[in-house]
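Some notes on the structure that comes next.
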Amino acid sequence: MEGRDEHAPPHSAQPLRISSPVLILGGPSPARNELTQRLRSLDVKVLQSASAAEARQLQQEEAPRLLVVDARLARRAPALEDAVDDLRSGSKETAVLAWFDADAPQEDILGLCQPVDDHMVGSIAVEESLRRLHFLTGRLPAQRDGERLIVGDLELNTAVRTVTRAGRDIDLSDTEFRLLRLLMRHARTVLPKSQILQEVWEYEFAGQANIVELYVSYVRKKIEAGMPRMIHTVRGAGYVLRPARVEEDQHQPGD
């Protein structure tokens, strides 16, 4: 009997790939909260809106390509179909994952969803939602250009998620990558800890602002190993990333 080649290499696990950011339109719910946490753990920015007007504003600012639309009666935004149509009109490259009640009429599902979309009915499983968002990402046209940030000899590319300094590859965790991306986007500008905390972690880390100091130290060790300093502490103000200068190779105490 023919079977699988024992010497064939095992299939490598394919990581979840989800476009960022993701806009969740609908009222607060345990499923929304859990999905938000899981997406953020995957380094995906999450936008939340309970109203059509707020969703339109977020789309203009962030251009999300994936929408999670909570169409369950207890969670849905007013005039939901019109709101989704408006969001689609703002971008030709948008796909929707819609959540419906178990007894949702078929006409409601067909009226909201298009062929590129996906939907779930009844109990909402967050892990299944993640898998469906992964496949929806694959249906969308590939983004031609990622964000490429260059400050001095430091380069970060969001499309392929790489960081190099002077041609040397640097391996960063998801949180470290988000932190460095923020500092590079605002190079030469002092960012307060509160802003870093909000934009990198995207929620209030109540009473633990020292998490920023901890991760800044992690990033410093990786991008400044044996090289001039780029991330500087401005006492009482925050942190700033600047192109390195040779004379700054000697780190100042407390800098």
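Going by UniProt numbering, 74 is the number at position 74 of the sequence shown; the sequence numbering is gapless. Quick reminder that beta carbons are idealized off the backbone N, C-alpha and C, glycines included. It should be emphasised that the depicted structure is a prediction, and the values quoted were computed from it without experimental measurement.
Requested in this report: Please specify which runs of the alpha helix (DSSP H), each continuous and at least 4 residues long, are wholly inside the UniProt DNA-binding region "OmpR/PhoB-type" (146-243), giving them in chain order.
Outcome: 174-185, 193-196, 210-223
Report task. Measure from the alpha carbon of Asn-210 to the alpha carbon of each residue in Gly-226, Lys-221, Lys-193, then state which is nearest. Result -> Nearest C-alpha to Asn-210: Lys-193.
Query raised in the report: On the premise that Met-227 lies in contact with Arg-242, defined as a C-beta separation below 8 Å, what is that separation, rounded to the nearest angstrom?
Result: Incorrect: roughly 14 Å between the Cβ atoms, too far for contact.
Query raised in the report: Arg-4 by DSSP, collapsed to three states: which one?
Result: Only weak support exists for where Arg-4 lies, its pLDDT of 46 falling under 50; the coordinates are left without a value.
Query raised in the report: In the structure shown, what three-state DSSP assignment does Ala-83 receive?
Result: helix
Query - Beta-carbon proximity list for Leu-97, same chain, < 8 Å, skipping 5 on both sides - result: Leu-66, Leu-67, Val-68, Val-69, Asp-117, Asp-118, His-119, Met-120, Ser-129, Arg-132, Leu-133, Leu-136
Query raised in the report: In whole angstroms, what is the alpha-carbon distance linking Glu-107 and Phe-100?
Result: 12 Å
Query raised in the report: Residue range of the alpha helix (DSSP H) that Gln-60 falls in?
Result: 52-62
**Report entry** Helix, strand or coil at Ala-98 according to DSSP, with G and I counted as helix
**Finding:** strand
Query raised in the report: For Gly-254, does the count of other Cβ atoms within 10 angstroms reach 16, so buried, or fall short, so exposed?
Result: Residue placement at Gly-254 is poorly supported in this model, since its pLDDT is 43, which falls under 50; the coordinates still yield a value, given next. With fewer than 16 other Cβ atoms within 10 Å, it is exposed.
Report task. Grab the span of the alpha helix (DSSP H) containing Ser-49 for me, first residue to last. Result -> Looking at the DSSP string, Ser-49 is not in any alpha helix (DSSP H); the run it does join, the beta strand (DSSP E), is 46-49.
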